[in-house]
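Asker:
Residue numbers (UniProt numbering), protein chains in the order written: chain A, 1 to 431; chain W, 1 to 431.
1) Any beta carbon from chain A within less than 7 Å of residue 54/W's own beta carbon?
2) For residue 351/W, which beta-bridge partners are listed by DSSP?
3) In the region 360-376 of chain A, which residues sit with their C-beta less than 9 Å from some C-beta in chain W, listed in chain order?
4) Could you check which residue in 213/A, 210/A, 419/A and 324/A has the C-alpha nearest to that of residue 292/W?
5) Rounded to whole angstroms, what is the Cα-Cα separation between residue 345/W and residue 323/W?
6) Would you report the Cα separation of residue 225/W and residue 252/W, rounded to the nearest angstrom?
7) Using a Cβ cut-off of 8 Å, pull out every chain W residue sitting near residue 419/A, in sequence order please.
8) By the 10 Å Cβ neighbour count, where 16 or more other Cβ atoms means buried, how is residue 428/W classified, buried or exposed?
9) Can you find a C-beta in chain W that's less than 7 Å from the C-beta of residue 122/A?
10) Which runs of the beta strand (DSSP E) at least 3 residues long sit entirely within the region 138-167 of chain A? Give them in chain order.
11) Going by other Cβ atoms of all chains shown within 10 Å of its Cβ, with 16 needed for buried, is residue 31/W buried or exposed?
12) According to the neighbour-count rule (16 or more other Cβ atoms, all chains shown, within 10 Å of its Cβ), is residue 141/A buried or exposed?
13) Report yes if the CB atom of residue 397/W is closer than 7 Å to the CB atom of residue 355/A, and no otherwise.
14) Could you confirm whether any beta carbon from chain A is found closer than 7 Å to the beta carbon of residue 11/W?
15) Anything in chain W within Cβ reach of residue 207/A, meaning under 8 Å, just list it in chain order.
16) Within 7 Å (strictly less), CB to CB, does residue 171/A reach chain W?
17) If contacts are defined as beta-carbon pairs under 8 Å, then residue 57/W and residue 132/W qualify, I think. What distance do you get, rounded to the angstrom?
18) Return the first residue and the last residue of the alpha helix (DSSP H) that residue 117/W is part of.
19) Please go through the same chain and pick out, in chain order, the residues whose beta-carbon is closer than 8 Å to the beta-carbon of residue 207/A, but skip the five residues on each side of it.
20) Between the region 170-183 of chain A and the region 67-80 of chain A, do at least 3 Cβ pairs fall closer than 8 Å?
21) Ignore the nearest five residues each way along the sequence and tell me which others in residue 46/W's own chain have a CB closer than 6 Å to its CB.
22) What are the partner residues of residue 210/A, as DSSP defines its beta bridges?
23) Identify the continuous beta strand (DSSP E) that holds residue 5/W and give its terminal residues.
24) Could you run through the region 394-408 of chain A and flag, in chain order, every residue whose CB is less than 7 Å away from some CB of chain W?
25) For residue 290/W, does the three-state DSSP call read helix, strand or coil?
26) Run through chain W and tell me which residues come within less than 9 Å of residue 341/A, C-beta to C-beta.
27) Give every residue of the same chain whose Cβ lies closer than 7 Å to the Cβ of residue 380/A, excluding the five residues on either side of it in the sequence, and list them in chain order.
28) Would you kindly work out how many angstroms separate the C-alpha atoms of residue 331/W and residue 341/W, rounded to a whole number?
29) Could you list which residues in chain A have their beta carbon closer than 8 Å to that of residue 356/W, in chain order?
30) Taking 6 Å as the limit between beta carbons, can you name the residues of its chain near residue 213/A, skipping five residues before and five after?
31) Check the Cβ of residue 83/A against every Cβ in chain W and list those closer than 9 Å, keeping chain order.
32) Under the rule that 16 or more other beta-carbon atoms within 10 Å means buried, what is residue 81/W, buried or exposed?
33) Can you pull the chain A neighbours of residue 188/W, defined as C-beta to C-beta under 9 Å?
34) Residue 67/W versus chain A: which residues are under 7 Å apart at the beta carbon?
35) Could you give the C-beta distance for residue 259/W and residue 238/W, rounded to a whole number, given that I count them as a contact under 8 Å?
36) Going by DSSP, what residues sit across from residue 378/W in a beta bridge?
Structure below.
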């Protein structure tokens, strides 16, 4: 853990190092992934079966080896303990409500020149969702990816997920049932992304691929960007907590650790204006770590990447730091969080006030928990209905409106050396 | 040119080949580009100067070698012939009006559970726009890229453009003045994209890079996707014209050629329900080609990639073909274009009726002419204000609303094996 004070002589340089520190593995998997993509494109299902046997120890022979059927998902859902089923249902209902309001409106109007202009939105035909195998297979992630696609109106929703040595995660199956997933294929890694993008004999291709994965999955999505639509490249998770001294130190410590337990390279940063409060939070982190089942991961993250910054004045100094960090999650634990939030331009998602722990947004609040990491909030947004939709602009002119604006198009086409462009306008003007 | 009739025995297979035919060069420039990106990242301006000398024959020594200043842009604008200046101004005004209405609205509401939810949109801090050198330097493209960024509220708009042997394009400078570009750097290729993404001593980095370019530029953008935001990967242009026999064949021929003159690998496709009309259009294409200054390019495109498809029934058959092609531009030249358009789900932009040549949309109508190519309209949209903005979701709970939905989050966190997530909620519930 690094502790900085804005009065320290080297503060600006030390903070700049934290901003520019990339915690992302540049795993050098590019060539391996490219070879897998080529192979699946060329050999289809046969290649999928070989890679799945090799990487997952799972033979793809019968139909049941390839797919998890809807009945298995329904059974997993029906067998959930009541409190967990209720929690999943509450999450699904609230995520659906938040995302339904994201649906964009079509436009269709005629302007003063008599030109009809507009845009109509539509869903992609099919979306693929990657669900990691093993410990990182989170039912909440399935809901956060599948529900926006469903709300967008996607007709076919396909999940791919590795099932190492045949093991499936019943919570994920239950979530797939609840979210209305249409197909689940028992494949993973770069080979699963290739199958979704190119299609195989068994698996029809999709138009958009989203969902978290390891370095191979992320690289496969990056390489296939343009063949299909993909969501943002994702790195390790991070949280910035801006908290004054009026907070309970244990609450803030719990928030910092909720991020740290994700990954040894996750990052938790506290910005406060009170050194004594910072001491208390540091002590509370130690207390909270005791007995935490995820202590090993959380401690590694906190020790290696944790940061505590003490400022003189939160209002005057914190927004500039927050904007430079452009963090995935930003908590503002003050009495008047809106005053600070108004000055924060770059953040994936904000959690306002003392009773809004980031984890509430991971599960049941409604906004998406798939958010830009690694300073990408400077230019990227969380997953939304828009990731599963696209827009067709349209125009309609008649003889009169074409006569009004057409000559300008002819002038520009001529100036650009594109005479056939000009001709397609002038021929309609009788020229 | 290929001519198909839906009654032909092999029609489905022949059409499927047209759909799957990728006209994009897989130029194998990936390794070269990766090396240039690494070099510019490591050596900054010195690397830029070397590449610019080598590829553009333009030495970067004095400040004037590096940048084109605002006064030069203003002078270029002031020196435009009046009709061209008027045409650019009309284009800028109409593009601005269309894009202004794209600005998304913020959300901020409190739901029945007492949870405050919302999303606020903001512009990226800085955007970079690539403008190709030489013949493909189009002032219309500069407007189509720069104006959405300006409308979005981007604070700093940077153009990079190669100036081979020092040559600048005064029309592009005039457009840059009109659009309010802040900086113009005389660099191009993958090295210019690297400079925009990573920054150098002279050039501050940007957050989003858009604009057309050659294979090296496109590959550089693809490799830097995630370091910065980029617009869609772009391939050769294409048009699909759906026209009944009541059209003037010469008008339709002009439309087909307006696309063909862009590039020898551009594609123009006519779908009609009348074989005699198809003959007439083919003949008109030959007539129009005579004397066309861009005849060589247009003829190569039409001969190699032109397609004429004759159907029995436009309403019953054309939409499915159009959706499979998911073309960049779709003209519907019929009396009731809306009836067909309602069935077309995948298209970059649509041009409705007999007086709406595609070229009017390239210049002055208002919608963006940067559109998804190569069937990407299945999942992608034309350039818009949204490409230069991002959204921060936010939440605010109080003790009561946290008590209402918090226990469900604790259940899910426990089930996912993330106890610190649950703890950050339960500690606030006094548990």
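The beta carbon of each residue, even a glycine, is placed where N, CA and C say it ideally should be. This structure is a prediction, so every number in the text was calculated from the model and none was measured.
Answerer: Quick look at the numbers:
1) no
2) 395/A and 331/W
3) 360, 361, 362, 363, 364, 365, 366, 367, 368, 371, 372, 374 and 376
4) 419/A
5) 6 Å
6) 39 Å
7) 261, 292, 293 and 294
8) buried
9) yes
10) 156-160
11) exposed
12) buried
13) yes
14) no
15) 378 and 379
16) yes
17) Not a contact, Cβ separation roughly 16 Å.
18) Per DSSP, residue 117/W belongs to no alpha helix (DSSP H); it is in the beta strand (DSSP E), 116-123.
19) 124, 125, 126, 127, 228 and 229
20) yes
21) none
22) 129/A
23) 2-5
24) 394, 395, 396, 397, 398, 399, 402, 405, 406 and 408
25) coil
26) 120, 392 and 394
27) 232 and 372
28) 10 Å
29) 395, 396, 397 and 402
30) 130 and 132
31) 407, 408 and 411
32) exposed
33) Those within 9 Å of residue 188/W in chain A number zero; the least Cβ separation is about 19 Å.
34) Here the premise fails: no neighbours, minimum Cβ distance about 24 Å.
35) 7 Å
36) None, per the DSSP bridge assignment.
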